[in-house]
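K.L.:
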Amino acid sequence: MFGIIGTWKMCFLPVRAAWEGLCESGSSADAVTSAVTRVEDDPAFCSVGFGGLPDREGHVTLDAAFMNGDTLRLGAVMDAEYIKNPILAARLLCGRETSCLLAGWGAERFAAENGLAVRNMLTPESRRKWIDALKRQPERPDAYRGHDTVCVLALDRGGGMTAGVSTSGLFMKEPGRVGDSPLVGSGFYCDSRFGAAAATGLGEQVMRGCLSYAVVSLMRRGASPADACREALSDLEDTRRRLGEEKGSISLIALAPDGRFGAATTLGLFPFAAGDDKGVSLYACDEKGGIRPVREEDLEGAD
């Protein structure tokens with residue numbers, strides 16, 4: 023028995039490749055690393071890794087995290103400008119007792135000292151988008167105009183679970199801004215006894231509910247992955263409505279130790295890829311909690 027789930031349509035091919043490794047008794051850690059790295063390396067995905075979306079000053083700064091569900095150890099980097107694959111740095115940090123979360127130049131130095139590739143992550147295309155945005159001068163950044171964190175959760179045949187996330191963050195964010203992605207309990211959480219969860223969306227909203235930890239806590243009490251995602255998201259949205267706030271921009275995924283998966287979203291449509299020992303498919307979740315398999319051509323225009 024094994025399973026894997028990843029956010030957004032962009033994750034389908036990377037998840038399918040990682041799923042093949044799980045079929046051959048590969049580890050959940052390697053599956054997560056493989057899938058996230060593939061997304062980071064593709065400049066076509068403008069919200070993650072190389073060619074990511076810049077901040078207000080034109081710098082691409084990256085956040086990533088990695089968590090081992092067997093040991094509850096984690097590693098994360100944030101506000102890192104020159105790490106080619108931040109998920110690799112996060113995985114290396116995951117084995118540390120202390121200093122497992124590094125920011126800025128400290129994260130970049132750690133990556134270089136440990137043999138990881140460093141480079142400027144700004145591409146001509148991402149620079150063009152930055153210049154165009156400066157001309158428009160938007161009132162505030164929008165989480166779902168190019169902000170799609172890649173989140174991958176995996177379960178291997180040995181029962182080990184791993185979570186990994188990577189993002190360039192909110193487009194046109196304030197320099198130094200960090201969202202939920204590298205923060206344990208908010209952007210991700212993984213405990214092999216109970217399950218794993220991760221979030222994508224506007225980090226400032228996700229953090230208010232510590233949503234990933236909330237989902238795993240609900241699974242610990244017996245909720246299915248889908249029900250846990252829906253309940254955690256509904257609780258936060260109920261609070262925000264009472265405060266007179268608009269509907270949030272959040273999507274959640276979860277994976278249980280028995281291979282079941284689930285998702286929830288505030289969006290009209292949230293695509294994700296998931297697989298088990300029967301195969302891997304693309305799915306769509308709607309804001310009412312419905313989940314159905316879809317084809318790539320059904321999601322034209324969706325991320």
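First residue of the sequence shown: 23, per the working numbering; consecutive thereafter. Glycine included, C-beta positions come from ideal geometry on N, C-alpha and C.
1) At which residue ranges does the stretch 113-167 contain complete beta strand (DSSP E) runs of 3 or more residues, listed in the order of the chain?
2) State the Cα-Cα distance for the pair C307 and E253, rounded to the nearest angstrom.
3) I need the DSSP call for H169, collapsed to helix, strand or coil.
4) Give me the Cα-Cα distance between S303 and T288, rounded to the nearest whole angstrom.
5) Report yes or no: do three or more beta-carbon pairs, one from the stretch 198-207 and one from the stretch 128-140, lie closer than 8 Å?
6) Could you tell me which of A98, V172 and D178 sits nearest to G297, measuring between CA atoms?
7) Just the Cα atoms here: how many angstroms apart are H169 and R243?
8) Taking T59 and T171 to be in contact with their CB atoms under 8 Å, please state how far apart those CB atoms are, rounded to whole angstroms.
9) Specify, as a first and last residue, the run of the beta strand (DSSP E) that R314 falls within.
10) I need the boundaries of the beta strand (DSSP E) containing L277, first residue and last residue.
11) The beta strand (DSSP E) that contains D298, what's its start and end?
12) Determine the contact status of A285 and I272, defining contact as a CB-CB distance below 8 Å.
13) For C212, does the three-state DSSP call read helix, strand or coil?
14) What do you get for R113, buried or exposed, if any count of 16 or more other CB atoms within 10 angstroms of its CB means buried?
15) Assuming G207 is part of the alpha helix (DSSP H), what are its boundary residues?
16) In whole angstroms, give me the CA-to-CA distance for G48 and N142.
17) From the DSSP output, in three-state form, read off G231 for me.
18) Fully enclosed by the stretch 41-86, which alpha helix (DSSP H) runs are 4 residues long or longer?
19) Which partner residues of V174 appear in the DSSP bridge assignment?
20) For the stretch 257-271 against the stretch 149-157, are there 3 or more C-beta pairs whose distance is under 8 Å?
P.N.:
On the basis of the supplied data:
1) 123-125, all fully within the stretch 113-167.
2) Taking the sequence shown and counting its residues from 1, the one referred to as residue 307 is at position 285. Taking the sequence shown and counting its residues from 1, the one referred to as residue 253 is at position 231. So the two alpha carbons sit approximately 15 Å from each other.
3) The residue given as residue 169 occupies position 147 in the sequence shown. Caution is warranted here: a pLDDT of 47 is assigned to H169, below 50, making its placement in the model unreliable, and the coordinate value is therefore given only provisionally. In the structure shown, H169 sits in coil (DSSP, three-state: anything other than H, G, I, E or B).
4) Residue mapping note: residue 303 aligns to position 281 of the sequence shown, counting from 1. Residue mapping note: residue 288 aligns to position 266 of the sequence shown, counting from 1. Distance between the alpha carbons of S303 and T288: 22 Å.
5) no
6) Counting from 1 along the sequence shown, the entry for residue 297 is found at position 275. It is D178 whose Cα lies nearest to the Cα of G297.
7) Within the sequence shown, the letter at position 147 stands for residue 169. Within the sequence shown, the letter at position 221 stands for residue 243. Reliability of the predicted coordinates at H169 is poor, the pLDDT of 47 falling under 50, and the value obtained from them is presented with this limitation in mind. If you draw a straight line from the Cα of H169 to the Cα of R243, it is about 32 Å long.
8) Taking the sequence shown and counting its residues from 1, one reaches residue 59 at position 37. Taking the sequence shown and counting its residues from 1, one reaches residue 171 at position 149. Beta-carbon to beta-carbon, T59 and T171 are separated by about 15 Å, too far to satisfy the 8 Å threshold.
9) Working through the sequence shown from its first residue, we reach residue 314 at position 292. Here the beta strand (DSSP E) through R314 covers I313 to V316.
10) Within the sequence shown, residue 277 is the residue found at index 255, counting from 1. It spans I272 to L277 - the beta strand (DSSP E) in which L277 sits, taken as one unbroken run.
11) To locate residue 298, count along the sequence shown from 1; it is residue 276. From DSSP, the beta strand (DSSP E) with D298 extends over F292 to D298.
12) Along the sequence shown, one-based indexing puts residue 285 at 263. Along the sequence shown, one-based indexing puts residue 272 at 250. 8 Å or more divides the Cβ of A285 from the Cβ of I272.
13) Counting from one through the sequence shown, the residue named residue 212 turns up at place 190. C212 falls in the strand class under three-state DSSP.
14) For the purposes of this step, residue 113 is identified with residue 91 of the sequence shown, where counting begins at 1. Under this definition R113 is a buried residue.
15) In the sequence shown, counting from the first residue as 1, residue 207 sits at position 185. Segment: none, G207 is in no alpha helix (DSSP H) and carries neither H nor E.
16) Numbered from its first residue, the sequence shown carries residue 48 at position 26. Numbered from its first residue, the sequence shown carries residue 142 at position 120. Approximately 32 Å, taken between the alpha carbons.
17) Counted from its first residue, the sequence shown places residue 231 at position 209. Here G231 sits in helix by DSSP.
18) 50-63
19) Along the sequence shown, one-based indexing puts residue 174 at 152. In the DSSP output, where bridge partners are listed per residue, V174 has G28 and G186.
20) Output reads no: the stretch 149-157 does not touch the stretch 257-271.
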